[in-house]
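*Asks:*
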Amino acid sequence: MVRPRRFARPAIAIEAAALAILLVVSARPARGQAWVPPAGSGSVTFAFQAIDNTGHRLDDGSLIPDGKSTDVGLYVEGEYAMTDRFSVAAGIPYVFAKYRGPGPSLANLPVDSCRCWQSGWQDFGFTARFNLVNGPFALTPSVSYGVPSHAYNYEGEAVVGRRLQEVRVALDAGRRLDAISPKLSVQGRYSYAFVEQVLDVPNNRSNAAFTGAFQFTRRLSARGTLLWQHTHGGLRVPADLGTPELFRQHDRLLRDNNWRLGAGLSYSWSRLDAFASYIEYMGGANTHAGRVFTAGLSWPFGLR
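According to this note's numbering, the sequence shown is numbered sequentially starting from 1.
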C-alpha cells in the first residue's frame, strides 16, 4: 500500500480564540503519523490553510452568528528520518488574519475595528517521533514543542496566534485492514498538551482523532476524519470574564471544547505529493463556528 507523505501540524492553527493548536491533524495525507519514513529519507512540505470563522459558541453551546473573521496561513515544514524508527520535524506558519464583523468585536480593539489584515510569523514547532511497532499495525509515540517566534499581539480576533508555549505528547496507532481490503486503513491519535499557564488559569488540552483511509489507486487516496478537543480548565464565556485582566486574556485562555468532521484527498507522483482537506465545525462550547480548507504540496527526498 502506497503511503503518501503527510502535512505535519505543529502549531499551525491561526485562531486568536483558542482553536489554535490542533486543526490540521486531519489535513495530512493518508500515510499518517503511525508509520514513519525509512532511514535517510525526508520531505519538505508547503501548505496553505484558510479558516472561515462564522460565529462564536458560548459556554452553553448556543451560537452567536457574529464576530466573523478570516485566517489564512502559509506553512513550511521539513521532516527527516534519522533511523527506520526515529524521525524529527520542524516548521513554522506565516499568518494573515482579518476581522469581518458585521458588529464590533467583543473587546472592540483597533486590531479588529479597522477591518484590515494583520500578519506575521506565528510559532515554531518541533516534533520527534519514535516508532515502536511497524507493519500492518503501527504504534508511534511523539513529543512536540511549540514556542512563539516573537512577541506578537494576541489580543483580539485578527491576531496571528495565542503566544503560548506548549509541550504535546501523543500516541498514534494505525492498522491496515488487509483482511477486508488491502486498500483500507484506519488510524487513531490521542495527544495531551501542557500549555503555558497565564494568570493561574489551567489551560491544558486533550485532542483525539480517528481517520479512515481508502487507497483508490496506487497514487490516489481519500480519508474521512473525526476530531475532538477538550480543554482541562480555561475560561467560560461569559461567566469567567468578570475582571479586566481576565477579559483581556480571554481569547487565548478559553475553555475550548469542540468536535469536527473532515474529509480529504491526496495524490502522489514519484517526486511530489499533493493533498487537500475540508473540516467543518460540528459543535462545542467556548469555541468558534466555521470551516477550514487546507491544501499543499510535499517533496520527498533521500540522503541515503
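Yeah, the Cβ is synthetic: ideal placement off N, Cα and C, and Gly gets one too.
Compare the Cα-Cα distances from residue 233 to each of 214, 195, 265, 244 and report the closest residue.
*Replies:* Nearest C-alpha to residue 233: 195.
*Asks:* Inspect the beta-carbon positions of residue 68 and residue 45 and report whether they are closer than 7 Å.
*Replies:* In this structure, residue 45 does not lie closer than 7 Å to residue 68 by Cβ.
*Asks:* Sorted by chain position, which residues of the same chain lie with C-beta nearer than 7 Å to residue 203's C-beta, five sequence neighbours on each side aside?
*Replies:* Correct list, in chain order: 195, 197, 231, 233, 234, 253.
*Asks:* So, does the segment 147–158 touch the segment 170–190, judging by three or more C-beta pairs under 8 Å?
*Replies:* Verdict: no, contact absent.
*Asks:* Residue 321 by DSSP, collapsed to three states: which one?
*Replies:* What the structure shows of the chain is the stretch from 1 to 304, and residue 321 is not part of that stretch, so it cannot be assessed.
*Asks:* Could you check whether residue 259 and residue 283 sit closer than 7 Å to each other, using their CB atoms as the reference points?
*Replies:* Yes, these two residues count as a Cβ contact at 7 Å.
*Asks:* For residue 137, name the three-state secondary structure that DSSP assigns.
*Replies:* Correct three-state label for residue 137: strand.
*Asks:* Quick one: give me the first and last residue of the alpha helix (DSSP H) that residue 130 is part of.
*Replies:* Premise fails: residue 130 lies in the beta strand (DSSP E), 123–130, not in any alpha helix (DSSP H).
*Asks:* Determine the extent of the alpha helix (DSSP H) in which residue 245 is found, giving its start and end residues.
*Replies:* Residue 245 -> alpha helix (DSSP H) spans 244–249.
*Asks:* Please report how far the alpha carbon of residue 288 lies from the alpha carbon of residue 170, in whole angstroms.
*Replies:* In a straight line, the C-alpha of residue 288 is about 24 Å away from that of residue 170.
*Asks:* DSSP on residue 294, reduced to helix/strand/coil?
*Replies:* Here residue 294 sits in strand by DSSP.
*Asks:* With residue 76 as the anchor, note down where its beta strand (DSSP E) starts and where it stops.
*Replies:* It spans 68–81 - the beta strand (DSSP E) in which residue 76 sits, taken as one unbroken run.
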